[in-house]
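Chains A, B and C, in that order, are what the protein sequence lines are. Using my numbering, you'd call the opening residue of the first sequence number 4 and step up by one each time. Using my numbering, you'd call the opening residue of the second sequence number 2 and step up by one each time. Using my numbering, you'd call the opening residue of the third sequence number 11 and step up by one each time. The beta-carbon is built from N, C-alpha and C at its ideal position, and this holds for glycine as well. Note that the coordinates shown come from a computational prediction; the quantities given were computed from them, not determined experimentally. Everything below concerns the one structure shown next.
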Amino acid sequence: MGVVIQTIGFGIAAGAVISLGAVGFTVQFGISNVLNITYGAFMTLAAYLGYWFLNRGVDVWVALVVVGLVLALVSVAFNRALLSPLQRRGAGFVSVVIATVAAGIILQGVIVILVGPGAITYGAQFGRTVSGLGFVFSVAQLVIIGLTLVLMLALHLLLTRTKIGRAMRATSTNRTVARACGIQTERIIDLTWLLTGFMCGCTGVALAVTTVTFDFSLGATFLIYMIAAAVLGGIAQPYGAMIGGLVVGVASQFGAAYWSPAYQDVVAFTILIVMLLIRPRGLFAAGGVSRRNLSAT
Amino acid sequence: MTGYEYYVVVLLVYFGTFLIAAWGLNLEFGIAGVPNFAYIVLVAAGAYTYAVLTLGPDSSNGGFQHYIYGAHLPFVAALLCAAAVSSILGAIIGVTGLKRLRPDYQAMAMLVVSITATTIVVADTGLVNGSAGLALIPNPLHSLQGSKQGWGYVAMVAGICCLVYVVLRRFSSGPFGRLLRAMRDDEDAALSVGKNVVALRIVVQAVGGAMAGLSGALLVGFIGGWSPSAWLFIETMALLTAIIIGGLGNDWGVVIGTLIVPTLIVQGVQFLPTVGNNPELIPQLGWIILGVLTIGFLFFRPVGLLPERRPQPARRTPEVGTPAGERRGTAVLSLVSSLPPRPAPILSSVPGDGEPGDILSVEGLVREFGGVRAVDGATFTVGRGSITGLIGPNGAGKSTTLGMMSGFIKPTAGLVRFDGADVTGSPAYRRARLGLVRTFQLSREFGSLTALENLVVAAPRARSETALGIVGGRRYWGREEQEINDRARQLLSLFQMEDKAGERARNLSGGQKRMLEMMRAVMTKPALLLLDEPTAGLSPSLTHRLGDACLALREEGLSIVLVEHELETVERLCDTVVVMVLGRVFAQGSMADLRTRKEVQEAYIAG
Amino acid sequence: MPPSGPALETRGLVAGYGDIEIIHGIDLSVSEGSMVSVVGPNGAGKSTLLKAILGLIKIFDGQVLLDGDDVTGSRLEQLVRQGVGYVPQVDDVFETLRVHENLEMGGYLLDKRTRAARVEEVLELFPVLTKHMRRFVGTMSGGERKMVAVGRALMTAPRVMVFDEPTAGLSPALVRSVLEDQARALADRGKAVLLVEQRAHAALELADWAYVLVQGNVAMSAPAADVLRNPEMGEVFLGGTVKI
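The following block contains the structure:
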């Protein structure tokens with residue numbers, strides 16, 4: 004029983020980071036209509052930027068926020084410089100995905116040239132452990148879980164309670180009509196990339212903290228987990244992605260504990276493939292944005 | 002062998018093997034539009050299959066590597082098995098990738114499949130020795146020495162490339178290539194003219210898979226080792242980049258692209274001496290250049306170095322020499338009546354042509370969308386050789402009904418009978434083959450094909466689309482193709498569009514696209530045409546011309562169902578009119594009849 | 011603002027897609043309280059003209075004036091802030107949102123109180139919508155949907171209303187009512203109404219002034235009734251001289 008509880012605990016901790024990344028990924032897709040595979044390489048970039056700050060004596064949580072802000076700007080610039088113009092030139096959906104993959108390859112290559120292919124570590128950033136209800140968490144894990152909850156809540160309030168949130172929903176639903184309502188859709192898209200870029204940056208640093216050692220493939224590996232979470236939750240559904248993240252996190256920890264650590268990834272990816280086969284629009288897709296975005300025609 | 006010579010040999014072998022793979026991926030993605038981002042998995046499957054079939058049993062190599070099965074098959078047998086395994090795997094991916102999702106989402110799903118496959122192979126070390134991979138895979142030319150072995154392999158790969166090219170062209174060019182491109186441009190439109198899109202996808206994935214397997218086997222026979230790091234997802238990207246640079250859908254473009262990207266850039270740079278003291282610089286530089294080239298081409302030249310070409314039809318005078326005005330009517334007649342008699346059972350099962358009777362009946366059709374009943378028990382019949390109008394206010398369920406009649410929408414309940422047979426469960430393409438053909442409200446042309454090709458591709462039961470056609474080639478289908486071409490040309494001239502024959506359909510105006518869609522439907526030799534608001538957005542003169550065509554087609558015994566808003570058009574063309582309101586049939590009768598009925602007046606005509 | 015000057019005007023407007031010029035120097039003006047209809051055969055450049063005016067495509071040459079101010083190249087969202095209402099052709103609503111959400115989104119630029127008041131005004135104009143406020147627009151009939159689209163555009167109380175083929179895909183009974191109860195009625199309430207319409211006859215019967223576009227040029231600019239009676243009109247639409 005203790006093992007079960009502890010596995011769930013590990014799963015929640017892992018799931019929190021996955022949720023954070025998945026929510027950013029899914030909102031980015033839902034509002035700007037781009038499946039951005041570069042998201043993975045951006046998380047890697049964030050992890051290395053965090054490392055750079057850490058080596059200069061910056062506190063890890065301060066570094067997390069700063070890196071988040073940097074990635075927010077990088078993401079906006081990326082969309083403005085590459086993806087938006089590409090869409091304007093009439094590139095098809097697959098072309099845009101290929102472009103984001105290519106951008107990810109370039110970024111990853113540059114990172115390897117600059118810092119080498121070897122694994123690095125933030126060192127122990129876990130703090131002391133806290134236990135209760137049979138769970139054992141490190142302070143770092145609790146901070147990350149807390150951070151995820153706070154960002155989720157903030158995003159929820161933004162999307163549902165504010166004028167900007169309404170404008171984001173309008174933009175994702177029908178861009179021309181949104182403009183006819185006087186909504187400056189380009190700014191809304193910028194804002195979307197800013198917010199999701201921030202989440203991407205925070206996730207990258209959080210991943211580095213929780214995985215202990217990492218290398219250039221960090222982001223690409225975890226992006227698959229996040230895609231799994233996003234698909235599970237119904238793509239473009241932030242709350243779905245959060246729950247999907249927890250499910251994927253817990254399931255993969257059980258795979259590791261009861262099968263073999265080597266199968267940790269296999270469990271998560273299998274969930275994803277099964278979902279894609281039987282219910283590709285996700286468990287929580289209630290129509291709405293996702294249906295419009297995903298239909299083939 | 003000198004270092005320089007070795008370098009050239011290796012690059013040539015890589016070039017040849019990558020080329021086979023790139024051709025395969027181009028067939029799948031460039032020509033047929035299937036975004037198979039897991040393509041490298043098929044290459045890997047071929048390589049592993051070849052390896053375990055030539056390495057001998059697991060125990061025979063001192064137990065330093067583990068894998069399943071193991072045999073000492075001769076080279077050619079192992080090569081063919083590798084192709085077969087990848088082909089089957091490709092077909093399976095083809096079958097399962099059928100959920101109708103946006104293509105970028107499909108691409109992402111395939112990417113995940115690719116990474117998952119790597120993960121599983123790494124995790125299960127008993128399968129093919131995990132991340133360490135397999136080594137000491139025998140070279141088929143091991144009896145030759147030194148440079149003879151190297152150049153011998155080059156010659157063999159070159160020979161196989163030529164062979165593959167000959168086979169590939171049977172699929173990628175000519176009528177079959179045209180068919181695949183039609184499917185790529187618009188799947189629904191392909192279904193509507195009776196093309197079995199599912200089967201086509203499976204065929205394409207099987208052929209592409211076989212090429213992947215061949216490529217993997219040849220590669221591993223040369224380098225002698227194979228591990229998960231050799232088939233990461235990024236390798237699919239290298240192939241994709243080759244295709245994008247060379248020209249999507251152009252087999253010769255792919256040759257150039259493959260020479261530039263995976264060969265010279267990714268593999269080529271590995272042979273450059275290390276610059277400075279950074280060992281990562283050179284290999285990573287290859288990938289970075291690849292990424293930059295991909296983005297650059299997508300931005301500035303998305304059609305690639307050698308763009309896909311469409312055949313320009315030679316200008317030929319149509320055989321019907323009368324002026325356009327007089328041609329109407331009679332020419333359509335000659336067109337359809339010159340067709341071979343429709344094979345059983347469509348005509349022979351019904352009592353004589355022209356005799357009264359119903360060609361189609363729907364009984365109690367219901368369709369729910371998320372609890373809302375768009376169609377709520379519609380029942381009516383369509384008379385043989387008549388034009389039946391389907392009218393009603395917006396949201397009455399006309400288009401949904403038409404979708405259920407043609408098989409594009411699955412009814413929640415109810416029956417559709419065509420020519421006496423229950424077709425409720427049969428898919429859209431099969432109904433189209435029976436002669437029940439629809440058009441779409443928003444015109445859906447095969448954009449990259451020429452206007453003429455749009456028509457030719459719709460010809461039913463073409464020999465070129467059969468297995469015999471692939472094997473027999475032009476000798477088998479050449480004459481028929483010529484006949485179909487002539488028929489398409491006559492149709493174009495009948496609609497006064499002969500000057501647009503060589504124009505790509507996507508460049509036509511809205512009105513021309515509508516005409517083209519109507520002609521395309523006629524090309525399938527239908528018995529019943531379902532037209533979904535064919536005149537929407539057409540100017541009055543074009544509407545009139547389209548109406549003339551409908552009347553001429555009816556003269557030849559064709560039955561037509563017309564969803565239409567313009568009552569003038571309905572009045573002019575329709576023998577019977579079905580009025581739908583709120584998903585039900587409200588009234589059925591002649592237009593004159595309906596005008597006298599007060600409740601119809603109130604519900605619809607007068608508003 | 012000159013009291014009698016046109017609310018919306020174009021001078022020598024040249025525009026198109028990519029490098030291809032579609033309209034070649036269009037002069038057009040719409041005054042408040044009048045309904046102006048642009049008609050013409052397929053491919054004449056009617057939609058291109060609207061898109062150029064609304065800042066949805068690139069303008070090669072010429073000017074767009076709103077109340078005498080040069081707004082050439084202004085983006086749609088800016089024009090909306092300056093008093094333009096736009097109802098797109100078919101994809102004209104937020105399908106996946108409810109009716110009240112559509113209207114509220116139309117009042118995106120307003121404060122809460124004004125927005126609520128405007129919703130009331132729109133419902134006065136289209137009382138049918140009152141009982142459908144919580145329905146998803148995607149499930150509504152074409153006529154109701156158009157009311158939502160127009161109502162949404164009216165939320166900002168625009169002085170200029172631009173309709174792109176408002177009757178496309180509507181049944182005949184609705185054609186008349188959309189043109190009469192929506193376009194014409196708005197002109198009668200003092201708005202400047204510009205409308206592109208495929209159903210030339212119906213539009214010309216209600217409009218004050220008409221521009222007949224042929225191959226990207228204004229072939230005729232006259233009171234709508236004159237255009238309707240002009241025998242050349244039939245030529246433009248039915249004759250063989252005009253290519254499809």
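Beta-bridge pairing of residue 364 of chain B - partner residues as DSSP gives them
B:416
Below 8 angstroms, how does it come out for the stretch 250 to 258 of chain A and the stretch 46 to 60 of chain A: are there three or more Cβ pairs, yes or no?
no
Which residues share a DSSP beta bridge with residue 228 of chain A?
According to DSSP, residue 228 of chain A bridges with nothing at all.
Where does residue 70 of chain B land, buried or exposed, given buried means 16+ other C-beta within 10 angstroms?
exposed
Give the C-beta separation of residue 232 of chain C and residue 213 of chain C to the nearest angstrom, bearing in mind that I take them to be a contact with Cβ-Cβ under 8 angstroms.
Not quite, the Cβ-Cβ distance comes to about 14 angstroms (not below 8 angstroms), so this is no contact.
Measuring straight from C-alpha to C-alpha, what distance separates residue 159 of chain B and residue 36 of chain B?
28 angstroms
Would residue 588 of chain B be called buried (16 or more neighbouring beta carbons within 10 Å of its own) or exposed?
buried
Out of curiosity, what's the CA-to-CA distance linking residue 104 of chain C and residue 188 of chain A?
14 angstroms
Of all the options A:8, A:91, A:116 and A:135, which has the alpha carbon lying nearest to the alpha carbon of residue 285 of chain B?
A:116
If residue 95 of chain C sits next to residue 176 of chain C, beta carbons under 8 angstroms apart, how far is it from one beta carbon to the other, in whole angstroms?
Actually they do not touch by this definition, with Cβ atoms about 12 angstroms apart.
For residue 186 of chain A, go through chain C and note every residue whose CB falls closer than 7 angstroms to its CB, in chain order.
87 and 118
Find the nearest neighbour of residue 430 of chain B within the set B:450, B:417, B:422 and B:408, judged by alpha-carbon distance.
B:408
Fully enclosed by the stretch 188 to 275 of chain B, which alpha helix (DSSP H) runs are 4 residues long or longer?
188 to 193, 198 to 224, 234 to 247 and 252 to 259
Among the candidates B:114, B:103, B:137 and B:194, whose CA atom is the shortest distance from the CA of residue 94 of chain B?
B:114
If the cut is a Cβ gap below 8 angstroms, which residues of chain A does residue 163 of chain C touch?
183
What are the boundary residues of the beta strand (DSSP E) that includes residue 473 of chain B?
Here residue 473 of chain B belongs to no beta strand (DSSP E); instead the alpha helix (DSSP H) covers 468 to 473.
Closer than 8 angstroms at the beta carbon, the chain A residues around residue 90 of chain C:
182, 183, 184 and 185
DSSP three-state label for residue 409 of chain B, please.
coil
Considering Cα atoms alone, identify which of C:145, C:65, C:217 and C:112 is closest to residue 188 of chain C.
C:217
What residues match up with residue 217 of chain A in a beta bridge as DSSP calls it?
A:123
Is the stretch 75 to 88 of chain C touching the stretch 569 to 582 of chain B, taking contact as three or more C-beta pairs under 8 angstroms?
no
One question on the structure: do residue 18 of chain A and residue 229 of chain A come within less than 7 angstroms of each other, judged by their Cβ atoms?
no
For residue 535 of chain B and residue 519 of chain B, believed in contact at Cβ under 8 angstroms, the rounded distance
6 angstroms
Would you report the Cα separation of residue 52 of chain A and residue 80 of chain B, rounded to the nearest angstrom?
48 angstroms
Once the 5 residues before and after residue 441 of chain B are set aside, which same chain residues still bring their CB inside 8 angstroms of it?
189, 190, 193, 518 and 533
Under 7 angstroms, Cβ to Cβ, is there at least one residue of chain A near residue 248 of chain C?
For residue 248 of chain C, the predicted structure reports a pLDDT of 48, less than 50, and the residue's modelled location is therefore unreliable. The matter cannot be settled from this model.
Which word fits residue 344 of chain B, buried or exposed, when buried means at least 16 other C-beta atoms lie within 10 angstroms of its C-beta?
Interpretation of residue 344 of chain B is limited by its pLDDT of 34, a score under 50 that renders its predicted location unreliable; the figure taken from the coordinates is listed afterwards. When all chains shown are included, residue 344 of chain B counts as exposed.
Is there a Cβ from chain B that is less than 7 angstroms from the Cβ of residue 87 of chain A?
no
7 angstroms Cβ cutoff, residue 43 of chain C in contact with chain B
no
Going along chain C in order, which residues have a C-beta closer than 9 angstroms to the C-beta of residue 438 of chain B?
By Cβ distance, chain C contributes nothing, its closest Cβ being about 23 angstroms from residue 438 of chain B, past 9 angstroms.
Run through DSSP, which three-state label would residue 73 of chain C get?
strand
Integer Cβ distance of residue 521 of chain B from residue 456 of chain B, believed to fall under 8 angstroms:
6 angstroms
Are the stretch 216 to 230 of chain B and the stretch 251 to 262 of chain B touching, with three or more C-beta to C-beta distances below 8 angstroms?
no
For residue 150 of chain A and residue 246 of chain A, the rounded distance between their alpha carbons:
16 angstroms
For residue 596 of chain B, which option in B:112, B:557, B:363 and B:571 has the closest C-alpha, if you only look at C-alpha atoms?
B:571
Taking only runs that begin and end inside the stretch 39 to 90 of chain C, name each unbroken alpha helix (DSSP H) of 4 or more residues, in chain order.
56 to 63
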